[in-house]
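Residue numbers (our numbering), protein chains in the order written: chain A, 1 to 669; chain B, 1 to 669. Everything below concerns the one structure shown next.
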């Protein structure tokens, strides 16, 4: 984009020396780094219920228990991760930990998983944020058809976060604090008031007991209602179902990793502040998650993929293009149950949307940093290591925006369809980094290493088990994509590293002896005799007393003009005419250079190409680009140096009538 | 396209020396140059009737009379044009004649008109050719819906001719002779047999007398039937109608110009051969045109835009998406009347299609030649004057193909809609060139100049009157587009000329004194110290003992590496470190150059930029292009010469385990 527009949208450049100062205190870091994990409460309970619904609503009662199990897992991971943050104050999370303790291959596996999960964080969070708005509109006006614009709204959200992030980190921190803290206040308010209503017997369910009985799970693949009574399920199928629900709820854990990766963005002492933030985060996340799961059950909320229609009604609705599922989030239903359709409910939905969309920002902070780390190690293109002029990694931001938008388009902005891809990578990272820590304690054997190794080892074991469960129960729903993508990425990273290694080897000065006394041939191309050519001829003469001029014979008229004026303007350069039977400029010159190189192996050929450069696009269109094409062709030849001598001219200058008359006179003869 | 594919489709290159031999004898030139004019008989009679139909079919009887009037006009033009061909053996037609006798502005007006008409020739001829095929299919199977593919078929035809023409002129001549002569044989056969049937009373009309009575003109703009009995028209409206029909028929004259433009493609004596060809053409064209007009009336043919439906039936058909007009060409109807749906009828339609599509080839011969002439004079971009490697003007061919395809798409491949744009430019050219000839005879006053001037003057007058008629009666139907486009093109041509004049003035060596003794500063960019940089440093040293090295400080690590190794590798070059607070490579270098130029006005700065160039797209993606961006930026600065020193490296080379281990060791410290 033009520089001026760029400045308005993205802001003025920031000098490198300001870099160290762009670090955040806990109060500003919490909203940025914790919003991912916190906002996952907006869909975690819902995902548990969506999975349980396959066996009807009778199992909904175990939702809070599953939430508790997940909170226990969260505590284990957070305790384990605090040890990582303390050990790695400069940040990097599982990528750095794996690289440091397990070697490059595990590090690249962790890197690939993290990159994929950052992309999915953006896709899931913006989809869930837009789902909150869609639910709000539907909650207020059930006949609204806003759902059809879901994808457009999601993409607009991604664009918005992208622009915010191109402006840089500190400004983001300020912009994100207000909605994050509003979210906390409203959530705790809703949970507190809802629990009070429940125990005082005033909580009004959003669905009647009959509706709850009739609610069905709609199989998206077959379009049919799946209905199996839990009592009728085999013991294996029952276990599978509960594990499925548990795995779905584990999405609540995503986001812990990003604090460890971004430790360096915290104010000093960075480690301590990051660990403290992680602890606060765990408490907030656990209480909200449990509270919502509890209220979801008691307000008779249904997951958005539930349907209340009979199979016949569904078929009719499909034919008419109407929606068949409820499409309202569980949090929105809880809000309506607790607050009614009051201003508090509206405010909560809006703040939920904002916090979710801003949660995607976590990924925008972490993804480019990780890319830069990997690029610095040579496993990603070096361009990703470049800091933009506002101290943010522009290229990484663009890549993240592109792929998350792609995921949104493919999965139509539906959280429930994105979830199976999510979390598997996160748990893979958890496992790798904690495994790396175990290796570290075994190696360093510093004071108290046994306890530390046990903590990390237990965390490693738990997350590994959950990852395996996730991969199995979600395989058919989409986890298989991740099982393909992560190894493919790792292969690519290793290939890139092999290339950079090759380059380094070839550029190394070790044992290098510069070629001495190699002949240098200086040639200047003379397409015609005019002012634009003289400086190039002068230059050739000044570089070498042995320089020669080349003219490619394409136009006989021009050739004779060059020959005729040669003695006058040659400055002693000998002229060689190259024949071009097929009217090409490039081929004869390339052949000439090849002949020179054959006669004098190891020589360098310097080709001086004069080019007159008119100003403006109109004038540029009116001139051939044969000289440019020749320069590009020569650039790819070994041992050839191309010298461009531009001669700048104006597109339009006044030409007197007298001059025109003389031109006509000349043309006549 | 890749070179090998290009060779298969277009053929091997042809050397310049073969150019003079690519000239055609009359028997081969006639099909190429006359096919345009001849093939216009396929729609000229039809266009007269389509215009007359506005007052019902009662006026159809005057069609042969109008044809006769047009043939008289044709004779006048051809006699007048033979004088042009004789006077200008090297070709060029009205463009050259106008430039030679009337000055540059009339020449450019003629050039603009001709270019537009070449484009329309391609559009009209291919549309009419496809109409012949559509008519054939409909004639054999009235319920066919082939008409909906009209535009696709037209575009395919244009693509086909484009490829034929990219192969070069002589091969075209051979390929076009057979269909052209088959067309003549079949046409004369049909006319002869039809006239015999008519006079022996055996000609079976294709439409009954009742159908003929009920046939109506469908106004394309309103979608309604226009029906006015001629007897009810005012005298003015009646005259307007007949002039309209006359103007429509004048499309038969298009194509005469192209022989004059392409005289140089004839075998020597070119003038005589071209004049002879023109005479033959006039006789062929006149007899076929009159014969078809005569048979059209007596076989009760109706123009394709006629409808036999009632207004109510039309509305119903529109709603159902069915066609309402007949959509069969007049020639196809004559063919069915004379031959029945026999093999002869089928053959005639196919040959008509081929000759029409090949007629477009006339334009493909003339358009690029005219472009090259105009480009040679400086009124079109010089690239259009370049002959491709098969001795044809590739760029002109591409432009013609593009714009004619555009016209086909805009006017949906409908001949009747394209005709109002056509012919106005042709008659403008006729007028200008004949006017130029009058001026020539007045100037030269050679033997018999009075008669010659009278012939050309009369031709000039007649075509001028027809042009004015055409512009008035067809203005609303589309002629207004041409009235806008031609002046716009002329303006563009003059602007281009002004630019080339400016360039010539600025490049002229008249009064030029080379700057003597101006300082030359040689700088070499050193982004790092490695093998890729050393050759550039060597070069700088060899060019000037006063050369200096520049390092832009973006990465502190690299800066310290450069400083540390400098003494070892500097070769005596002094090192200047340029600060870059915003991490840009370009800005500090540009600022440095500007400082140099300020301190030493008039100096030349030579900037040597080393660049390592890895092989393959994968490797190229993995390297930044900051050096390239810098080179481009410097290229646009006055007084700066950019020297690119590429260092070629392989994308992948084997790296031993030992080397990897050493690399890891180095990274650790």
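Heads up, the beta-carbon is just placed ideally off N, CA and C, and yes, glycines get one too. Here the structure is a predicted model, which means the values were calculated and not measured.
query	result
Short CB-CB distance (under 7 Å) between residue 45 (chain A) and chain B	no
Every unbroken alpha helix (DSSP H) inside the stretch 69-131 of chain A [4 residues or more]	93-101
Range of the contiguous beta strand (DSSP E) that encloses residue 549 (chain A)	548-553
Selection from A:145, A:495, A:257 that minimises the alpha carbon distance to residue 428 (chain A)	A:257
Residues that DSSP places opposite residue 643 (chain B) in a beta bridge	A:643, B:608
Euclidean distance between Cα positions of residue 409 (chain B) and residue 80 (chain B)	36 Å
Distance between residue 593 (chain A) and residue 584 (chain A) (C-alpha atoms, nearest Å)	15 Å
Contact with chain A by residue 543 (chain B), beta-carbon distance below 7 Å	yes
Closest Cα partner of residue 204 (chain B) within the set B:210, B:194, B:481	B:194
C-beta atoms of residue 638 (chain A) and residue 649 (chain B) nearer than 7 Å	no
Member of B:184, B:127, B:419 whose CA lies at the smallest distance from the CA of residue 281 (chain B)	B:184
Residue 320 (chain B) to residue 415 (chain B) span [Cα, whole Å]	25 Å
Contact list for residue 532 (chain A) against chain B, beta-carbon separation under 7 Å	507
Minimum length 4: unbroken alpha helix (DSSP H) runs contained in the stretch 338-421 of chain A	343-376, 394-410, 415-418
Alpha-carbon spacing of residue 471 (chain B) relative to residue 630 (chain A), whole angstroms	49 Å
Backbone secondary structure at residue 138 (chain B) - three-state DSSP	helix
Length at least 4, wholly inside the stretch 407-490 of chain B: the alpha helix (DSSP H) runs in chain order	415-418, 424-444, 449-473
Beta-carbon proximity check, residue 616 (chain B) vs residue 651 (chain B), cutoff 7 Å	yes
Beta-bridge partners of residue 579 (chain B), as assigned by DSSP	B:553
Residue 670 (chain B) - containing beta strand (DSSP E), residue span	Residue 670 (chain B) lies beyond the stretch modelled for chain B, which goes from 1 to 669, so this question has no answer here.
Secondary structure of residue 266 (chain A), DSSP reduced to three states	strand
Closest residue to residue 402 (chain A) among A:463, A:119, A:63 (Cα-Cα distance)	A:119
Pick from A:326, A:634, A:603, A:500 that is closest to residue 216 (chain A), judged by C-alpha positions	A:326
Residues, ordered as in the chain, of the stretch 558-569 of chain B that lie near chain A by beta-carbon distance below 7 Å	none
Chain B contact for residue 644 (chain A) (CB, 7 Å cutoff)	yes
Proximity winner among B:503, B:613, B:262, B:148, relative to residue 373 (chain B) (alpha-carbon distances)	B:262
Residue 571 (chain A) and residue 541 (chain A) closer than 7 Å at C-beta	yes
CB-CB length for residue 489 (chain A) against residue 115 (chain A), believed under 8 Å	7 Å
contact_flag[the stretch 92-102 of chain A, the stretch 279-299 of chain A] where n(CB pairs < 8 Å) is 3 or more	no
Neighbour flag for residue 88 (chain B) against chain A, beta carbons, 7 Å	no
Bridge partners - residue 32 (chain A), DSSP secondary structure assignment	The partner list for residue 32 (chain A) (beta bridge, DSSP) is empty, contrary to what the question assumes.
Beta carbon proximity, residue 628 (chain B) to chain A, threshold 7 Å	no
Boundaries (first-last residue) of the alpha helix (DSSP H) holding residue 154 (chain A)	150-166
Residue 546 (chain A) classed as buried or exposed, judged by whether at least 16 other C-beta atoms fall within 10 angstroms	exposed
Neighbourhood of residue 307 (chain B) by C-beta distance below 6 Å, restricted to the same chain and skipping five residues each side	216, 218, 324, 325
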